[in-house]
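All letters in the sequence shown, in the order written, are residues 862 to 1168 by this note's numbering.
Backbone N, C-alpha and C fix where the C-beta goes; we use that ideal spot for every residue, glycine too.
Just below is one structure, and these are the notes that go with it.
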Amino acid sequence: MTSEPILIIGFNRPDLLLVLINRLREIAPSKIYAAIDGARENREGEKARVEECRQLVASIDWPCEVQTNFQEANLGCGLGVSTAISWFFENEERGIILEDDIIPHSSFFPYCSELLDRYENDNRVFAISGCNFVPPEAQSHPEQPYRFSQVPHIWGWATWRRSWQQHQLDIAGWRHELPPNKLWARSGYSLPAAVYWASTFELLARKEVDTWDGQFVLASMVSHQLTATSNVNLIENIGFGETATHTLVDRNELQPITAISIPTAEVEVALDHRADRWTRKHHFRATWRGILGQAHTYLNRRRAKSS
């Protein structure tokens, strides 16, 4: 059993939410917050699938305090998820956040609790992530249990209220908050990476992409705080495919799932530049070639919308 508060975020995929709830049943958390967005208009069968997700939450059958936040109208990916997380941290100082397609290894939970304790009052640390894309040979210290990254990866993560309070969905003034010299430094002094993040933040500022996580990355860069990231992968993402909002194709990026030994040895709070370089190149594809490919995709989408 874990006493760490857990937020689960769902919408219209009861098959995935059932897998997550069954995994949680194995570790029997004592406190769960469940947020389910409302159905969209004119989407056949969606209202029934949303209701099925809500019934799955109601069916949680182990000794557990369950709080719910069920939206009547559809808020969407950006406002819906950020509203859910804000609600969670209105009630808790810290906790674990899992979207419906994120299935953690059982050792993910004590890992999060231990690091939430360890860095609770350390303002150098922004969040804790359990997903790992980087192979051991691209890590500076693969023998260590975790490392520190500039970008908070949100496929299975935990944080504190103090960090989430820095998040803003509307980032129209991002250039003032992250001027070029800071953007350059947070991008690892890589010009294509700086262009990648500037383009990402600008799309979000213009509300051309409905999401919340890029704004969370911006908050970490503005504050220059780091995320503790497991050196082994503790997460399976089962949400790829046609029902996904953004992850339509599985690029097979996650490393094989491996248990992490608890307790963990404490690691120096310092950026793993080597691992971050690998992440920029292979995960974000923040290279000139990758940026050209993303620009091509963006232009095709704009043409499709206008036609």
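Buried/exposed call for V995, threshold 16 Cβ in 10 Å: buried
Under the DSSP definition of a beta bridge, which residues are partnered with G871? I897
Name the residue from E960, A988, D983, D962 whose alpha carbon lies nearest to the alpha carbon of Y972. A988
To the nearest angstrom, how far is the alpha carbon of T1148 from that of P1053? 5 Å
Inter-residue CB distance, G939 and L1030 (contact presumed, cutoff 8 Å): 6 Å
Here's a check: name, in chain order, each residue in its chain whose Cβ is nearer than 7 Å to the Cβ of A1131, leaving out the five neighbours to either side. F1009
Can you name, in chain order, every residue of its own chain whose Cβ lies under 7 Å from the Cβ of Q1076, other than the five neighbours on each side? H1028, Q1029, L1030, I1032, L1065
Under 8 Å between the Cβ atoms of N1094 and N993? yes
Quick check on this structure: which residue in T944, I1123, V1083 has the alpha carbon closest to the alpha carbon of H966? I1123
Quick one: what does DSSP say P931 is sitting in, helix, strand or coil? Looking at the sequence shown, residue 931 is not Pro but Phe. In this structure, F931 counts as strand in the three-state DSSP scheme.
Taking contact to mean at least 3 C-beta pairs separated by less than 8 Å, is the stretch 1055 to 1069 in contact with the stretch 1016 to 1026? no
By the three-class DSSP mapping on this structure, what secondary structure does A1120 have? coil
Below 8 Å, can you find three or more Cβ-Cβ pairs linking the stretch 1112 to 1122 to the stretch 1031 to 1045? no
Assuming the contact rule is C-beta atoms closer than 8 Å, I888 and T929 should be a hit. Round their C-beta distance to whole Å, please. Rounded, the Cβ-Cβ distance is 20 Å, inconsistent with contact.
Counting C-beta neighbours from all protein chains within 10 Å, is the total for V1110 16 or more, i.e. buried, or is it exposed? Low per-residue confidence applies at V1110: pLDDT is 48, beneath 50, and the placement is therefore not dependable, though the value from the model is reported in the following sentence. Exposed: under 16 other Cβ atoms inside 10 Å.
Straight-line Cα distance separating N903 from Y941: In the sequence under discussion, the amino acid at residue 941 is Gly, which differs from the Tyr named in the question. If you take the alpha carbons of G941 and N903, they lie about 19 Å apart.
Please tell me whether W1018 and G991 are closer than 8 Å, where the distance is taken between their beta carbons. yes
Local Cβ density within 10 Å of D978, reported as buried at 16 or more and exposed below that: exposed
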